[in-house]
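This report refers to the structure that appears directly beneath it.
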RNA sequence: GGCGGCGUAGCCAAGUGGUAAGGCAGAGGUCUGCAAAACCUCUAUUCAGCGGUUCAAAUCCGCUCGCCGCCUCCA
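In our numbering, the protein residues as written are 639 to 1132.
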């Protein structure tokens, strides 16, 4: 089945056919660098990172451009507040953004242009629009004339009348139409500026993305992404600018990710309910956050809450718990993955496992081909983990056949991990880390635990179960759970 | 007011015409000295409600109710 994507422009899923066969050109709106990135940025960037990786995995040569908006009113405001040059603010938060994206495990886009590095391209584009009569100068500002662009608002499928019906009336004498937006803004005294045909000023918010995306990807390219909130006005205005300038279709497929809510409320600075990526990653492992973000479809709203994150953490432990068992079973064995179905007949659960293992990548592809359905893809993975646990639980020593199947699975799950960034750690190390993190929050040291376990072991040897249970209860009271097995007693933190 | 989306088990969630994936939580069982882990079984005759189309609907259409987003900076 070919890839299908939900295109905001048409409001439906469409077969994905790139402009140039075999190649995908993709642009995603990055951040305005004036503050720390939050969980909403995490979602948008994780989603498009996975789309980027998936497109490459299915064989496309992908050019992925993600910009930094490094000149903007909000940056200037913050700079004024701190009494520093605007570049100090933008540089600082570009660094922070890069660190956060790295911490989330994202790949670098093909290029990450900055608005201030493309002022000449921006001026050229504004100039073209003025020449074509699509924009007009008003003082030192230049505005885009929305009424002259026939298909304005086609992305949100609204009309200028619709928009104004509920809009606040904000009269700006210099605008010919209230919906006209700034392409170029005159610099007020003390503000950063660049020389232009209209005097000293800076670009408006939307023009940089039209200019930079076309510069790197051409006048018509395949995918343009961003959060749902960018549909209007940002993307609508990008279309207006680009298509009026070139007379061609700007973007073929518009992809928009849903919002992250906090306890069912919209995240916003005024409500004070937003979480930065740094805060979240200090409390949860990066893969836990990714599992949470990918557990719902990228277009759905997603509710960030302690309970939902705790569920993701449990899910992650389940994944690594099983992967660790697999690695144990495979340790020191040379599995012949090429000969899965000859030799002794498989029992029922082994057959089921074989079938699910052999179809795993196909089912992964099928899920991802359906508008990047990561939730379904993850469901398939959990399903097969259950099968594996079942097979491993049936005998203490897995058969050679089972080992082969597991080796096959292990290799495929690594392949999937390369795209979704989940299950890519060394399982024993992950579990160890989780245990360590939790242990740090308890009032008991590892040495004390091990000592108590040893004492319990000797008590059990002499069948002194009273003392043995006493020790176990003591540890349970401290959130330490003991796991007895043939190999001895291990422990984990609740 | 206009435009758009959503409503699937206690919670999260997939499923857009063929008879309800998966996760978390819970109950019973196997195992265990007892537990835990793991496994097995169970937990939605039903998809907000009502009506319609169809051999067949959670899926399509209409209406009602409820929630949310956008229309202003925002991932």
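C-beta: ideal position from N, C-alpha, C; glycine also.
Reference residue i, options the options, closest by Cα
{"i": "residue 1029", "options": "1059, 1094, 963 and 731", "result": "963"}
{"i": "residue 839", "options": "733, 780, 1041 and 885", "result": "780"}
{"i": "residue 1025", "options": "991, 1045 and 1018", "result": "991"}
{"i": "residue 1094", "options": "1126, 776 and 649", "result": "1126"}
{"i": "residue 799", "options": "1123, 777, 785 and 733", "result": "785"}
{"i": "residue 1084", "options": "1051, 1131 and 772", "result": "1131"}
{"i": "residue 1051", "options": "1076, 1016 and 1032", "result": "1016"}
{"i": "residue 1035", "options": "1069, 968, 997 and 1061", "result": "968"}
{"i": "residue 1012", "options": "658, 937 and 738", "result": "937"}
{"i": "residue 741", "options": "1066, 903, 814 and 925", "result": "925"}
{"i": "residue 812", "options": "801, 843, 788 and 776", "result": "776"}
Cβ pair residue i, residue j closer than 8 Å
{"i": "residue 790", "j": "residue 767", "result": "no"}
{"i": "residue 676", "j": "residue 897", "result": "no"}
{"i": "residue 860", "j": "residue 640", "result": "no"}
{"i": "residue 684", "j": "residue 928", "result": "yes"}
{"i": "residue 647", "j": "residue 793", "result": "yes"}
{"i": "residue 1139", "j": "residue 1109", "result": "This structure gives no information on residue 1139, because the portion of the chain shown stretches from 639 to 1132."}
{"i": "residue 756", "j": "residue 914", "result": "no"}
{"i": "residue 724", "j": "residue 671", "result": "no"}
{"i": "residue 1059", "j": "residue 905", "result": "no"}
{"i": "residue 836", "j": "residue 778", "result": "yes"}
{"i": "residue 716", "j": "residue 727", "result": "yes"}
{"i": "residue 668", "j": "residue 706", "result": "yes"}
{"i": "residue 1087", "j": "residue 1114", "result": "no"}
{"i": "residue 1039", "j": "residue 1022", "result": "no"}
{"i": "residue 819", "j": "residue 825", "result": "no"}
Residue i burial status per 10 Å Cβ neighbour count (16 or more: buried)
{"i": "residue 983", "result": "exposed"}
{"i": "residue 1133", "result": "Lying outside 639 to 1132, the shown extent of the chain, residue 1133 is not represented and no answer is given."}
{"i": "residue 1128", "result": "exposed"}
{"i": "residue 686", "result": "buried"}
{"i": "residue 747", "result": "buried"}
{"i": "residue 1081", "result": "exposed"}
{"i": "residue 979", "result": "Annotation note: pLDDT 49 at residue 979 (below 50); position unreliable, coordinate value reported separately. Label assigned to residue 979: exposed."}
{"i": "residue 1020", "result": "exposed"}
{"i": "residue 630", "result": "Residue 630 lies beyond the stretch modelled for the chain, which goes from 639 to 1132, so this question has no answer here."}
{"i": "residue 951", "result": "buried"}
{"i": "residue 1101", "result": "exposed"}
{"i": "residue 1048", "result": "buried"}
Whole alpha helix (DSSP H) runs in the stretch 728–815 with 4 or more residues, listed along the chain?
-> 757–769 and 798–803
Are the stretch 751–764 and the stretch 841–849 touching by the rule of at least three beta carbon pairs closer than 8 Å?
-> yes
Say whether the stretch 907–926 touches the stretch 876–883, bearing in mind that this needs 3 or more beta-carbon pairs closer than 8 Å, one atom from each stretch.
-> no
Please list the segments of the alpha helix (DSSP H) lying wholly inside the stretch 1044–1114, counting only runs of 4 or more residues, in order along the chain.
-> 1065–1077 and 1084–1099
Return the chain-ordered ranges of every alpha helix (DSSP H) run that is complete within the stretch 830–889 and spans a minimum of 4 residues.
-> 845–855 and 874–884
Within the stretch 933–1009, note down every full beta strand (DSSP E) run reaching 3 residues or more, in order along the chain.
-> 940–942
Which parts of the stretch 889–919 are runs of the beta strand (DSSP E), unbroken and 3 residues or longer, counting only runs that do not cross its ends?
-> 889–895 and 898–900
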